[in-house]
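2 protein chains.
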Amino acid sequence: MGTRVRERLTGAAPGLIVELGWAGVSTRVLAERAGVTPGLVHYHFSSLQALLSEAAIGALTRLVDDLGALLEQAKSPEEAVEGMLTALSEYSGSDPMSLLVTETFLATTRDAELRGAVGEVLADFRARLAAWFAEHGVADPEATAAVLAATVDGLLLHRALLPEPEAAATVLRRLVAVRS
Amino acid sequence: MGTRVRERLTGAAPGLIVELGWAGVSTRVLAERAGVTPGLVHYHFSSLQALLSEAAIGALTRLVDDLGALLEQAKSPEEAVEGMLTALSEYSGSDPMSLLVTETFLATTRDAELRGAVGEVLADFRARLAAWFAEHGVADPEATAAVLAATVDGLLLHRALLPEPEAAATVLRRLVAVRS
DNA sequence: AAGTGCCTTGGGCACTCGTCCAAAAACGGT
DNA sequence: ACCGTTTTTGGACGAGTGCCCAAGGCACTT
């Protein structure tokens, strides 16, 4: 089954990207982690970059879907912010998911194709947030969505270095002020 | 003058980190950019990592000082947010400074010594912000500082992928609500 | 039994990497 | 002019890289 090998490789990639950095993942460590022979990497994928891109975009899409589903269940803007924060707090410490997001963002700087794909995922996330905000009477829904998405990423990034204060949620709630 | 060579190397490093990624900077391209022979890298620095760390921490410290000085001149919280945003907007597009910050943050994941040094710089920035907020009557100054610092980083990161709406500044101003 | 695909293996290719080092050069004091 | 120190040079070392490919294994049809 060739598909099994593909899945094993794309499944092993995100963890290694986080551990070693995007540029630190080599065909051989990736194959070893996936329990597969190094030669298979270039049989199933056109290049190592293509493999990493496919794996990262898959993980990002899944994350956005999860956060989106979580959003649907919230009743109020405050509850939405709260829910996203607690969901992300499970990723605390040197969270794999946030590091993967950041690594992927940086990789887009040097790969135009990847940049396009990740841009779509981010735009999709912003659009979902904005739609939900508009429905629930939050002022400036698009801008709020953009700022909130950026803040979430920034907090995840900073968290690895310095824990954020407890009151961060309180402050964040100010962002989603309901239109007066 | 040995010091001239040191400066040339640490001066060339940040640009290359942004262009090629932290892991993509090699002794030879760095030496070439600095107009220096490759062998000199390991004469003046104990390792390539040490060179990159020293250069990055220097650049970060300078950035925090600049933003801190800008903060001192602001009269109101709104003006402070405005000033920081416009200062950062000069870095628009694929801004070198924000990418350097992010690259350095990620590098801390795999270098404990660097993590400590960058953590200090970030803590210093948060402390300056918080002190200024407390003086000007912003509610929850520490938490606001943490969230704002994260948001600034996140916006810079996202900006390379997707331009943020004009109204982002309006939304950000909500963050620095004055204590009621 | 022979043939036909796809999948897998293990090694090889040309290259870059960080680091080191002997020898050459430049410098400064006498 | 000589000498000791610091700086610079250019090349070498072993290790690791992405990618490629001839050879074999395997499940299937004919």
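Chains A and B, in that order, are what the protein sequence lines are. For the first sequence, the residue numbers in this note's numbering are 1 to 180. For the second sequence, the residue numbers in this note's numbering are 1001 to 1180. Note that the Cβ used here is the ideal one computed from N, Cα and C, for glycine as well. Nothing here was measured: the structure is a model prediction, and the numbers come from that model.
What is the rounded straight-line gap between the Cα of residue i and the Cα of residue j?
i	j	result
residue 1158 (chain B)	residue 1014 (chain B)	20 Å
residue 96 (chain A)	residue 18 (chain A)	6 Å
residue 1035 (chain B)	residue 1042 (chain B)	15 Å
residue 1099 (chain B)	residue 132 (chain A)	31 Å
residue 84 (chain A)	residue 1029 (chain B)	43 Å
residue 166 (chain A)	residue 67 (chain A)	21 Å
residue 1046 (chain B)	residue 20 (chain A)	22 Å
residue 50 (chain A)	residue 141 (chain A)	35 Å
residue 1105 (chain B)	residue 26 (chain A)	22 Å
residue 1169 (chain B)	residue 1044 (chain B)	45 Å
residue 176 (chain A)	residue 138 (chain A)	6 Å
residue 93 (chain A)	residue 160 (chain A)	Residue confidence for residue 93 (chain A) is low, a pLDDT of 46 falling below 50, so the modelled location carries little weight; the figure read from the coordinates is stated next. One C-alpha to the other measures close to 6 Å.
residue 39 (chain A)	residue 23 (chain A)	19 Å
residue 1069 (chain B)	residue 1004 (chain B)	28 Å
residue 1174 (chain B)	residue 63 (chain A)	27 Å
residue 1112 (chain B)	residue 163 (chain A)	16 Å
residue 1006 (chain B)	residue 1118 (chain B)	21 Å
residue 151 (chain A)	residue 1143 (chain B)	13 Å
residue 146 (chain A)	residue 172 (chain A)	13 Å
residue 12 (chain A)	residue 88 (chain A)	22 Å
residue 110 (chain A)	residue 178 (chain A)	39 Å
residue 86 (chain A)	residue 1065 (chain B)	33 Å
Grab me the residues of residue i's own chain with a C-beta within less than 7 Å of its C-beta, minus the 5 sequence neighbours each way, in chain order.
i	result
residue 115 (chain A)	108
residue 1061 (chain B)	1121
residue 1016 (chain B)	1025, 1029, 1030, 1033
DSSP puts residue i in a beta bridge; with which residues?
i	result
residue 1064 (chain B)	Looking at the DSSP assignment, residue 1064 (chain B) forms no beta bridge with any residue, so it has no partner.
residue 138 (chain A)	A:178
Go through its chain and collect everything with a Cβ distance to residue i's Cβ below 6 Å, but skip five positions before and after it.
i	result
residue 74 (chain A)	80, 83
residue 48 (chain A)	27
Please return the same chain residues whose Cβ sits closer than 8 Å to the Cβ of residue i, not counting the five positions on each side in sequence.
i	result
residue 102 (chain A)	153, 156, 157
residue 149 (chain A)	122, 125, 126, 129
residue 1010 (chain B)	1051, 1054, 1055, 1058
residue 1008 (chain B)	1034, 1035, 1036
residue 1076 (chain B)	1136
residue 71 (chain A)	80, 83, 84, 128, 129, 132
residue 78 (chain A)	173, 176
residue 1134 (chain B)	1141
Taking C-beta pairs closer than 9 Å, name the residues in chain B that residue i reaches, listed in chain order.
i	result
residue 114 (chain A)	By Cβ distance, chain B contributes nothing, its closest Cβ being about 10 Å from residue 114 (chain A), past 9 Å.
residue 122 (chain A)	1158, 1161, 1162
Just the chain A side, please: which residues come within less than 8 Å of residue i by C-beta, in chain order?
i	result
residue 1147 (chain B)	151, 155, 164, 168, 171, 172
residue 1143 (chain B)	164, 165, 166, 167, 168, 170, 171
Check the Cβ of residue i against every Cβ in chain B and list those closer than 7 Å, keeping chain order.
i	result
residue 140 (chain A)	1167, 1170, 1171
Taking 7 Å as the cut-off, does the CB of residue i come closer than this to any heavy atom belonging to the ligand NAD?
i	result
residue 1149 (chain B)	You won't find the ligand NAD in this model; it holds no ligand whatsoever.
What residues from chain B crowd round residue i, counting only those whose CB sits closer than 8 Å?
i	result
residue 118 (chain A)	1161
residue 175 (chain A)	1171, 1174, 1175
Using a Cβ-Cβ cutoff of 7 Å, what residues of the region 1095-1110 of chain B are near chain A? List them in chain order. 1099, 1102, 1103, 1105, 1106, 1108, 1109, 1110
Got a sec: which bits of the region 155-168 of chain A sit with their beta carbon under 8 Å from any beta carbon on chain B, in order along the chain? 155, 157, 158, 160, 161, 162, 164, 165, 166, 167, 168
Note down, in chain order, all residues in the region 10-31 of chain A with a beta-carbon under 7 Å from any beta-carbon belonging to chain B. Answer set for the region 10-31 of chain A: 21, 23, 24.
Tell me which residues of the region 1061-1086 of chain B have at least one Cβ-Cβ distance to chain A shorter than 7 Å, keeping chain order. Residues passing the 7 Å Cβ filter: none.
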